[in-house]
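In our numbering, the protein residues as written are 1326 to 1869.
These notes concern the structure reproduced below.
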């Protein structure tokens, strides 16, 4: 420290604070800091001194020191209640655009604590109420206010340095202030989202840094203020944008920096992480694809990886996409139940309790490998099915579109087991009046085909029936899940068969892609007797 004791009230050396008309009984040696208070009583036995601090503890990574820090010392008999500290500054000392964010900080218990600060911008003064001796400094930063708990979008506004590690960039937020941060890179079509969850194992966090010119989503637990250090051309206009605050979209601040999806108020994914426990006949390994499902729709892929916490174990991380993100219609909405499968071999994974979609924080779930269910227990080698519920023995996993001829499960005709899937209009339906308009009966399920498969084969048993000669059809196709566009038409007939027939198709050419397995029956009108239908059972998509 350097400097000399300030003059004491009553000696004739009183200093005025610009613009306030108040007297300051204690003035720092450099003339920039002043201590004053209505009840501050100083005399020959009650002493106070403000000194310029030459060496100070490390500043927060988001802060710039403006001017000098000052150390306040007093005799023990000086009461600092109702006392204020004023620090003056030169405009040239403040980083461009950051004057409005100047705050006085007090260093105590090893940390810089921000004080409520009043700024007099016309006179270049910052004033804060204080109650203790110690070290004080005037610090600046670029601020982004995040009001209320929930999701916010913000643009990273610092151009120099253009990147900063995410832990440094978010150092201004205290523990518990936020739960998730997402980056979105639309050019990465297979995995555009990058995520950071505080406290998660390092292998789960894919968002490593914040970069100038890019936008991010952050979920806060309450009011918060992001602060950044560095040259920012947007310091005066930086602002947060709450993605879920209103159904009406206000004008967007910093549109060039905000995530593209914010313009339509898209919700970020739900993050689910945890461990996978081995089953009786299978132990998971690293590098497997884990798929999250909602009502038969593949809504996100993750991968398994080796984690270490004293012992090694297999962990996983998967982002489950929101229903309002194109093209993930039918996926995540709050409360939607999520199920999981592992690609190689195709195994169902079970959770101890139902897992529901919630993107407000990372969800930790321990999954257990279950042996794949055999569609026909009498067959010695069952299908390791990439599709779920391929034998239709339970409800769910397949999406049955509601129409005048909605597909449904049936016990009347089965190939194996106790149930099958029926599509179309049966010939023995009600003899009443039916509209002479077309109707489609459809069922589909989305699945990602493993990229490392040597061969992919789709097999199914069908029993088609018709009383029509033209216009109707039975149909099997592979569609694009994002827009339902046709990838391949596998089978299209208008047949009437008394026996079950097996169909088989090679899908190896489509490995690595997400596809929709699509079943359909069309009736060009709903009247008797010209009707068409089809029963499907034991559909299997197998990887070799």
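By construction, the Cβ of each residue, glycine as well, lies at the ideal position given by its N, Cα and C atoms.
Note that the structure is a prediction, hence the values are computed from the model and not measured.
Requested in this report: Alpha carbon to alpha carbon, how far is residue 1395 from residue 1468? Give it in angstroms, no decimals.
Outcome: When rounded, the separation of the alpha-carbon atoms in residue 1468 and residue 1395 is 24 Å.
Requested in this report: Return the chain-ordered list of same chain residues with a C-beta closer than 7 Å to the C-beta of residue 1773, the five sequence neighbours on each side being excluded.
Outcome: Scanning its chain for C-beta atoms nearer than 7 Å, with the 5 sequence neighbours on each side dropped, one finds around residue 1773 the residues 1614, 1616, 1623, 1626, 1839, in chain order.
Requested in this report: Leaving out five residues on either side along the sequence, give the residues of the same chain with a beta carbon under 6 Å from the beta carbon of residue 1593.
Outcome: Hits under 6 Å: 1507, 1542, 1684.
Report task. Measure the Cβ-Cβ separation of residue 1453 and residue 1432 and say whether it is below 9 Å. Result -> No, the Cβ-Cβ distance between residue 1453 and residue 1432 is not below 9 Å.
Query raised in the report: Any contact of the region 1674-1681 with the region 1831-1846, i.e. 3+ C-beta pairs under 8 Å?
Result: For the pair of segments examined, the region 1674-1681 was found not to touch the region 1831-1846: the number of CB pairs separated by less than 8 Å stays below three.
Report task. Flag residue 1827 as yes if its beta-carbon sits less than 9 Å from any beta-carbon of chain D, otherwise no. Result -> No chain D is part of this structure, which consists of one protein chain only.
Requested in this report: Measure the CB-CB distance between residue 1817 and residue 1750 and report whether it falls below 9 Å.
Outcome: Their beta carbons are not under 9 Å apart, which means residue 1817 does not touch residue 1750 by this criterion.
Report task. With residue 1492 as the anchor, note down where its alpha helix (DSSP H) starts and where it stops. Result -> Run containing residue 1492: 1491-1494, per the alpha helix (DSSP H) assignment.
Query raised in the report: Just to confirm, are residue 1621 and residue 1721 a CB contact at a threshold of 9 Å?
Result: Closer than 9 Å, so yes.
Report task. For residue 1780, collect the residues of the same chain with a Cβ closer than 6 Å to its Cβ; drop the 5 residues on either side in sequence, then sort them by chain order. Result -> Sequence-distant Cβ neighbours of residue 1780 in its own chain, meaning closer than 6 Å and more than five residues away, are 1833, 1869.
Query raised in the report: What do you get for residue 1689, buried or exposed, if any count of 16 or more other CB atoms within 10 angstroms of its CB means buried?
Result: Answer is exposed; the Cβ neighbour count stays below 16.
Query raised in the report: What residue range is occupied by the uninterrupted beta strand (DSSP E) comprising residue 1789?
Result: Counting along the chain, the beta strand (DSSP E) containing residue 1789 begins and ends at 1781-1791.
**Report entry** Given residue 1406 as reference, the closest of 1784, 1666, 1360 once Cα atoms are compared
**Finding:** Comparing Cα-Cα distances from residue 1406 to each of 1784, 1666, 1360, the minimum goes to 1360.
Requested in this report: Could you tell me the boundaries of the beta strand (DSSP E) in which residue 1867 lies?
Outcome: For residue 1867, the enclosing beta strand (DSSP E) covers residues 1857-1868.
Query - Segments of 3+ residues assigned as beta strand (DSSP E) that fall wholly inside the region 1391-1453 - result: Correct list: 1394-1399, 1408-1413, 1428-1433, 1436-1439, 1442-1445.
Query - Residue from 1786, 1731, 1723 whose Cα sits closest to the Cα of residue 1823 - result: Residue nearest to residue 1823 within the set 1786, 1731, 1723 is 1786 (criterion: CA-CA distance).
Query raised in the report: residue 1529 by DSSP, collapsed to three states: which one?
Result: Helix.
Report task. Tell me whether residue 1365 is buried or exposed, calling it buried when 16 or more other Cβ atoms sit within 10 Å of its Cβ. Result -> Residue 1365 comes out buried.
**Report entry** Rounded separation between residue 1603 and residue 1709 - CA only
**Finding:** Distance between the alpha carbons of residue 1603 and residue 1709: 17 Å.
Requested in this report: Report the rounded CA-to-CA distance for residue 1743 versus residue 1724, giving the unit in angstroms.
Outcome: Rounded to whole angstroms, residue 1743 to residue 1724 spans 20 Å at the Cα level.
Query raised in the report: Are the CB atoms of residue 1410 and residue 1437 nearer to each other than 9 Å?
Result: Between residue 1410 and residue 1437, the C-beta spacing is not below 9 Å.
Query - Of the residues 1434, 1539, 1796, the one placed nearest residue 1480, counting alpha carbons only - result: Looking at the Cα atoms, 1539 is the closest of the given residues.
**Report entry** Separation of residue 1848 from residue 1715, as counted between CA atoms
**Finding:** Cα to Cα, residue 1715 sits roughly 25 Å from residue 1848.
Query raised in the report: Between which two residues does the beta strand (DSSP E) carrying residue 1829 extend?
Result: DSSP places residue 1829 in the uninterrupted beta strand (DSSP E) bounded by 1826-1831.
Query raised in the report: Touch check for the region 1437-1450 and the region 1509-1520: three-plus C-beta pairs under 8 Å?
Result: These segments do not touch.
Requested in this report: Excluding the 5 residues preceding and the 5 following residue 1865 in the sequence, name in chain order all residues of the same chain whose CB lies nearer than 6 Å to its CB.
Outcome: Excluding sequence neighbours, residue 1865 sits near 1708, 1710, 1715, 1784.
Query - Closest by C-alpha distance to residue 1618, when choosing among 1375, 1771, 1367 - result: Closest by alpha carbon: 1771.
Requested in this report: Would you mind sorting residue 1636 into buried or exposed? The rule is 16 or more other CB atoms within 10 Å of its CB.
Outcome: Result: exposed.
**Report entry** Classification of residue 1549 by the beta-carbon crowding that lies within 10 angstroms, buried from 16 upward
**Finding:** Residue 1549 should be labelled buried.
Query - Span separating the alpha-carbon of residue 1525 from that of residue 1661 - result: In this structure, the CA atom of residue 1525 is about 24 Å from the CA atom of residue 1661.
Query raised in the report: Distance, Cα to Cα, residue 1537 vs residue 1496?
Result: Distance between the alpha carbons of residue 1537 and residue 1496: 17 Å.
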